[in-house]
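Colleague: Here the UniProt record's numbering is used: the first residue of the sequence shown is 1, the next is one more, and so on. Ideal Cβ positions, reconstructed from N, Cα and C, are used throughout, including at glycine. Computed from a predicted structure; not experimentally measured.
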Amino acid sequence: QLFVISRIIDDVLASSKWRFVTELLSAEIITWPQPLDFQIADLPPSTSNEMFSFFDQVKDLFGVVIVSQPTKISTIGLIRTIDLLRVKQIPILGLVANQDGFLNRLGEIEYQFLSPRVDLQKVAL
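Laid out in structure tokens, this is it:
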């Protein structure tokens, strides 16, 4: 079963999105089928109100997969997210480097960001 809320959330004022997400995840608004096999949440980077609300509402997580860009600015949020997950004792199952590079027409790997590339594996350890 798939439930997508991105279109609903786009219409909510930015200042009240985190409260909306909290209410949406609570049992009073949506009755989630139990048990869920997977729940995928695209949360803002760092330790945002949405992330705190999500982890407060969702119980019995098997673990999370983190997706981050390999840039210095993204690394700041990544470190905060990893620290939060460790404090809440939520296992990190994997780390995906998003937009890490692409093959150009010459078959060479190109990196699209101007900032220095960061090794996310080293950051996560």
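1) Rounded to a whole number of angstroms, what is the C-alpha to C-alpha distance between glycine 94 and valine 65?
2) Buried or exposed for valine 87, please, with buried defined as at least 16 other CB atoms from any protein chain shown within 10 angstroms of its CB.
3) Could you pull the start and end residues of the beta strand (DSSP E) that isoleucine 92 belongs to?
4) Residue range of the beta strand (DSSP E) that isoleucine 66 falls in?
5) Given this structure, state the Cα-to-Cα distance separating aspartate 42 from valine 67, to the nearest angstrom.
6) By how many angstroms is the C-alpha of glutamine 34 removed from the C-alpha of asparagine 98?
7) For methionine 109, write down the residues that DSSP places opposite it in a beta bridge.
8) Is it the case that the CB of phenylalanine 38 approaches a heavy atom of the ligand NAD more closely than 7 Å?
9) In chain order, what residues of the same chain have a beta carbon less than 7 Å from the beta carbon of residue 142, not counting five sequence neighbours either side?
10) According to DSSP, is lysine 59 helix, strand or coil?
11) Answer with buried or exposed for valine 106, where buried requires no fewer than 16 other C-beta atoms within 10 angstroms of its C-beta.
12) In the DSSP assignment, find the unbroken alpha helix (DSSP H) run with alanine 124 in it and report its ends.
Modeller: Straight from the coordinates:
1) Looking up residue 94 in the sequence shown gives position 94. Looking up residue 65 in the sequence shown gives position 65. When rounded, the distance between both Cα atoms is 5 Å.
2) Stepping through the sequence shown from its first residue, residue 87 is reached at position 87. Label assigned to valine 87: exposed.
3) Mapped onto the sequence shown, residue 92 falls at position 92. Isoleucine 92 -> beta strand (DSSP E) spans 92-97.
4) Position 66 of the sequence shown, counted from the first residue, corresponds to residue 66. If you look at isoleucine 66, you'll find it in the beta strand (DSSP E) that goes 64-68.
5) Against the sequence shown, residue 42 aligns to sequence position 42. Against the sequence shown, residue 67 aligns to sequence position 67. C-alpha separation (whole angstroms): 9 Å.
6) Translated into the one-based positions of the sequence shown, residue 98 becomes position 98. Translated into the one-based positions of the sequence shown, residue 34 becomes position 34. Those two C-alpha atoms are separated by around 31 Å.
7) Residue mapping note: residue 109 aligns to position 109 of the sequence shown, counting from 1. Before going further, note that residue 109 is isoleucine rather than methionine in the sequence given. Leu103.
8) For the structure depicted, the ligand NAD is absent and the ligand set is empty, with no information on it obtainable.
9) Beyond the ends of the chain as shown, which are 1 and 125, falls residue 142; an answer cannot be given.
10) Translated into the one-based positions of the sequence shown, residue 59 becomes position 59. Look at lysine 59 here: in three-state DSSP terms it is coil, with no helix or strand label.
11) The count along the sequence shown starts at 1 and reaches residue 106 at position 106. Sequence check: residue 106 is leucine here, not valine. Residue environment for leucine 106: exposed (fewer than 16 other C-beta atoms within 10 angstroms of its C-beta).
12) Here residue 124 refers to the residue found at position 124 when the sequence shown is read from its first residue. DSSP places alanine 124 in the uninterrupted alpha helix (DSSP H) bounded by 120-124.
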